[in-house]
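The block underneath contains the structure these notes are about, expressed in structure tokens.
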Amino acid sequence: MMTDTEARTTTQVYRVYIKARPQAIWDAITSPEWSERYGYGGRVDYDLRPGGAYRAFASDDMKKARAEMGGGPTPDVIVDGEVLESDPPRRLVQTWRMLMDPETEAEGFTRLTYEIAETTPGVSRLTLTHDLEGAPRLALFLGGGMESVGAGGGWSEVLSDLKTLLETGESLRS
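Start counting the sequence shown at 12; every next residue gets the next number (the working numbering).
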């Protein structure tokens, strides 16, 4: 269980080993067809050129769950940002801003880095580094500190689900 202090750390680093090639992981992160199958189930839209736009969209299930929890309406675009570096299938650096909550939106853009490296044939290490300087509420969300109020398990949950999907073909939600 992550403590409140740990969830608020300025830089969160997550590392997971996945029985998949780097290209499969890259595709799961950047393609809308894959992104809606794990994590929070939203589709992504990437323009993978430096300066290109990034958007993540709310799924119908997400909108329904938030409404049932009394969280108010969910915007269609729940996260936005800009691609800073793109080196498929090894490295993706982007800005990242959550738009679902007025407080996290006001914290502004943070920096998210994905690094993918094949460690042995067919096994890759995915390292996600999220620089959350000046975004304590977002750090709490992404660190899983809001799970008790139905906000999910943050990056740990998303990456666990990504790993499960790539290795078994099924999401943790299946």
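By construction, the Cβ of each residue, glycine as well, lies at the ideal position given by its N, Cα and C atoms. Treat the numbers as computed from the prediction; the structure is a model and nothing was measured.
Assign Ser-185 to one of two classes, buried (16 or more other C-beta atoms within 10 Å of its C-beta) or exposed (fewer than that). The count along the sequence shown starts at 1 and reaches residue 185 at position 174. Exposed.
What separation, rounded to the nearest whole angstrom, lies between the Cα atoms of Leu-95 and Arg-122? By one-based count along the sequence shown, residue 95 stands at place 84. By one-based count along the sequence shown, residue 122 stands at place 111. If you take the alpha carbons of Leu-95 and Arg-122, they lie about 9 angstroms apart.
Which ranges does the beta strand (DSSP E) cover as unbroken runs of at least 3 residues, wholly within the segment 60-128, from first to last along the chain? 64-68, 88-98 and 102-109
For Asp-58, which three-state DSSP category applies? In the sequence shown, residue 58 corresponds to position 47, counting from 1. The answer is coil: DSSP assigns Asp-58 none of H, G, I, E or B.
Should Trp-166 be labelled buried (16 or more other beta-carbon atoms within 10 Å of its own) or exposed? Within the sequence shown, residue 166 is the residue found at index 155, counting from 1. The residue is buried, with at least 16 neighbouring Cβ atoms inside 10 Å.
For the beta strand (DSSP E) containing Thr-140, name the first residue and the last one. The sequence position of residue 140 within the sequence shown is 129, counting from 1. Per DSSP, the continuous beta strand (DSSP E) segment holding Thr-140 begins and ends at 134-142.
According to DSSP, Arg-26 sits in a beta bridge with which residue or residues? Mapped onto the sequence shown, residue 26 falls at position 15. Per DSSP, Thr-138.
Would you decide whether Gly-83 is buried or exposed? Buried here means 16 or more other CB atoms lie within 10 Å of its CB. Mapped onto the sequence shown, residue 83 falls at position 72. Classification of Gly-83: exposed, given that the 10 Å Cβ count is below 16.
Are Ala-64 and Arg-54 touching if we call contact CB-CB under 9 angstroms? In the sequence shown, residue 64 corresponds to position 53, counting from 1. In the sequence shown, residue 54 corresponds to position 43, counting from 1. No, Cβ-Cβ distance for Ala-64 and Arg-54 is not below 9 angstroms.
Would you call Val-90 buried or exposed, if buried means 16 or more other Cβ atoms sit within 10 Å of its Cβ? Here the question's residue 90 lines up with position 79 in the sequence shown. Looking at its Cβ environment, which holds 16 or more other Cβ atoms inside 10 Å, Val-90 is buried.
Going by C-alpha to C-alpha distance, which of Leu-183, Glu-44, Met-111 and Ala-117 sits closest to Asp-87? Position 76 of the sequence shown, counting from 1, holds the residue named residue 87. Minimum Cα-Cα distance from Asp-87 among the listed residues Leu-183, Glu-44, Met-111 and Ala-117 corresponds to Met-111.
Whole angstroms is fine: what's the gap from Thr-22's alpha carbon to Glu-144's? Within the sequence shown, residue 22 is the residue found at index 11, counting from 1. Within the sequence shown, residue 144 is the residue found at index 133, counting from 1. Spanning the two alpha carbons is a distance of roughly 7 angstroms.
Tell me where the alpha helix (DSSP H) around Leu-176 begins and ends. Within the sequence shown, residue 176 is the residue found at index 165, counting from 1. Its alpha helix (DSSP H) spans residues 165-179.
Taking all protein chains shown into account, do 16 or more other C-beta atoms lie within 10 angstroms of the C-beta of Leu-173, making it buried, or fewer, making it exposed? Your numbering for residue 173 matches position 162 in the sequence shown. That one is buried.
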